[in-house]
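Just below is one structure, and these are the notes that go with it.
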Amino acid sequence: MKRLFDITAALAGLLVLWPVLLVIAVAVRLDSPGPAIHWSRRVGRGNEIFLMPKFRSMRIDTPDVATHLLENPQQWITPLGRLLRRTSLDEFPQLWSVLVGHMSLVGPRPALFNQDDLVALRTQAGVHRLRPGVTGWAQINGRDDLPIAEKVRFDADYMARRSLILDIRIILITLRAAVAARGVSH
Numbered sequence: 000m001k002r003l004f005d006i007t008a009a010l011a012g013l014l015v016l017w018p019v020l021l022v023i024a025v026a027v028r029l030d031s032p033g034p035a036i037h038w039s040r041r042v043g044r045g046n047e048i049f050l051m052p053k054f055r056s057m058r059i060d061t062p063d064v065a066t067h068l069l070e071n072p073q074q075w076i077t078p079l080g081r082l083l084r085r086t087s088l089d090e091f092p093q094l095w096s097v098l099v100g101h102m103s104l105v106g107p108r109p110a111l112f113n114q115d116d117l118v119a120l121r122t123q124a125g126v127h128r129l130r131p132g133v134t135g136w137a138q139i140n141g142r143d144d145l146p147i148a149e150k151v152r153f154d155a156d157y158m159a160r161r162s163l164i165l166d167i168r169i170i171l172i173t174l175r176a177a178v179a180a181r182g183v184s185h
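So for the sequence shown, numbering that gives the first Met the number 0 puts the first residue at 0; every next one is plus one.
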């Protein structure tokens with residue numbers, strides 16, 4: 000049921016949003032040198048690495064680490080990237096990852112390939128068995144503000160309680176938070 004919901008919602012989202020996606024892609028290209036889409040190496044279900052698309056919000060010479068690990072994250076974010084991140088518009092291409100099965104609409108946010116501490120804690124908690132999500136329980140309960148151990152606790156809680164009703168609730172809260180740009184530190 001969850002996979003059918005993911006496919007239907009991702010396909011509908013891509014069909015409805017394609018003009019917006021096109022405008023954002025052109026704006027990203029005009030804003031700074033480089034491609035419109037950044038393919039980020041992420042840890043997926045079963046700790047398999049996959050390429051996750053996002054609208055590029057950072058300069059092309061940015062080190063390949065989590066934003067919070069950069070000494071001065073603001074120096075790497077493009078002018079348009081600030082808006083894309085604050086509104087979560089940079090996440091729209093992940094609907095493709097949902098459609099092809101690398102991600103779900105709701106699940107633990109996929110770790111970067113080099114976030115060994117997060118991957119280890121998720122594996123220990125069994126969360127690695129879940130398909131990662133565009134949004135998740137930890138996302139709506141703190142997002143960038145949460146320490147890693149707390150994110151994993153939220154992920155494990157989601158795994159124990161997951162249901163279609165909880166997924167819909169998380170999606171609705173995510174949409175409200177994205178409009179308010181709440182919980183984004185970079």
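Note that the Cβ used here is the ideal one computed from N, Cα and C, for glycine as well.
Return the bridge partner residues of residue i from the DSSP annotation.
| i | result |
| --- | --- |
| W136 | None, per the DSSP bridge assignment. |
| I6 | Answer by DSSP bridge pairing: none, since I6 is not bridged. |
| I76 | M57 |
| R121 | Answer is none; R121 lacks a bridge partner. |
Check residue i in the structure and name its three-state DSSP category.
| i | result |
| --- | --- |
| W95 | helix |
| M211 | Residue 211 cannot be examined here, being either before or after the span of the chain that is shown, 0 to 185. |
| H185 | Any reading at H185 must be qualified, since the residue scores a pLDDT of 48, below 50, and its modelled position is unreliable; the value itself is stated next. Coil, per DSSP. |
| F153 | helix |
| R175 | helix |
| P18 | helix |
| M0 | coil |
| H101 | coil |
| P52 | strand |
| L29 | helix |
| L145 | coil |
| A35 | coil |
| R108 | coil |
Does the distance from the C-beta atom of residue i to that of residue j stay below 8 Å?
| i | j | result |
| --- | --- | --- |
| I36 | F49 | no |
| P131 | R41 | yes |
| G135 | V97 | no |
| Q123 | A65 | no |
| V19 | L79 | no |
| R84 | I76 | yes |
| P107 | D154 | yes |
Following a CB-centred definition, is residue i positioned closer than 7 Å to any heavy atom of the ligand FMN?
| i | result |
| --- | --- |
| Q74 | Absence of the ligand FMN is noted for the structure shown, with no ligands found whatsoever. |
Buried or exposed: which applies to residue i, given that a residue is buried once 16 or more other Cβ atoms fall within 10 Å of its Cβ?
| i | result |
| --- | --- |
| S184 | Model confidence at S184 stands at a pLDDT of 47, short of 50, so the residue's coordinates are unreliable; what they give is reported in the following sentence. With fewer than 16 other Cβ atoms within 10 Å, it is exposed. |
| S162 | exposed |
| V99 | exposed |
| M51 | buried |
| H101 | buried |
| M57 | buried |
| G125 | exposed |
| L117 | buried |
If you pair each beta-carbon of the segment 141-151 with each one of the segment 85-96, do three or more pairs fall below 8 Å?
-> With the cut-off at 8 Å, the segment 141-151 and the segment 85-96 do not touch.
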